[in-house]
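> Numbering (our numbering), first residue to last: 1154 to 1317.
All residues carry an ideal CB built from backbone N, CA and C; glycine is no exception.
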């Protein structure tokens, strides 16, 4: 019994060593990403940006804009190469936001500087907590990385469509 338990533990440990996402597929998405995006580009030519993958550094907003959509979303803000970025990001899985005592699992929190990979869907009106209407890009969040992961190799979170 003890040997079986040890064997099961080692198997579970070994299985957990690699990423639970398709690194090849994610790498292909990263290669097609635009790192030059900022909101004004979308406002000038929305059809040209729909469906494109973007990557930028920024943070999750503590009190996000209010939308009418039913899917879970967060507001992300950052600085692009030439201007400001503020997007509404829809996501399809649990974000690693809770620290479990005794584990070394990275988490993401509001205000933490991160790097995001997302696909632009559309732009919609959202209401700020101050009552101001904002026309913001809506993106599908594909992956989240630590700020210092410049090569986008070690994702903290990956969309379900890129998971194994």
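Kindly provide the ranges of any beta strand (DSSP E) runs that are 3 or more residues long and lie completely inside the segment 1187–1275, ordered along the chain.
Counting whole runs of 3 or more residues, the segment 1187–1275 contains the beta strand (DSSP E) stretches 1206–1213, 1226–1232 and 1237–1243.
> Which residue from 1276, 1315, 1213 and 1294 puts its Cα closest to that of residue 1197?
The count along the chain shown starts at 1 and reaches residue 1197 at position 44. Ranking 1276, 1315, 1213 and 1294 by Cα distance to residue 1197 puts 1276 first.
> According to DSSP, is residue 1182 helix, strand or coil?
Counting from one through the chain shown, the residue named residue 1182 turns up at place 29. Here residue 1182 sits in helix by DSSP.
> Give the C-beta separation of residue 1272 and residue 1240 to the nearest angstrom, bearing in mind that I take them to be a contact with Cβ-Cβ under 8 Å.
Taking the first residue of the chain shown as 1, we reach residue 1272 at position 119. Taking the first residue of the chain shown as 1, we reach residue 1240 at position 87. No, residue 1272 and residue 1240 are not in contact; Cβ-Cβ is about 11 Å, not under 8 Å.
> First and last residue of the beta strand (DSSP E) that includes residue 1309?
Sequence index remark: in the chain shown, residue 1309 carries index 156 (1-based). Here the beta strand (DSSP E) through residue 1309 covers 1308–1311.
> Out of 1192, 1181, 1251 and 1184, which one is the CA nearest neighbour of residue 1289?
Your numbering for residue 1289 matches position 136 in the chain shown. It is 1192.
> With which residues is residue 1277 paired in a DSSP beta bridge?
For the purposes of this step, residue 1277 is taken as the residue at position 124 of the chain shown. 1289.
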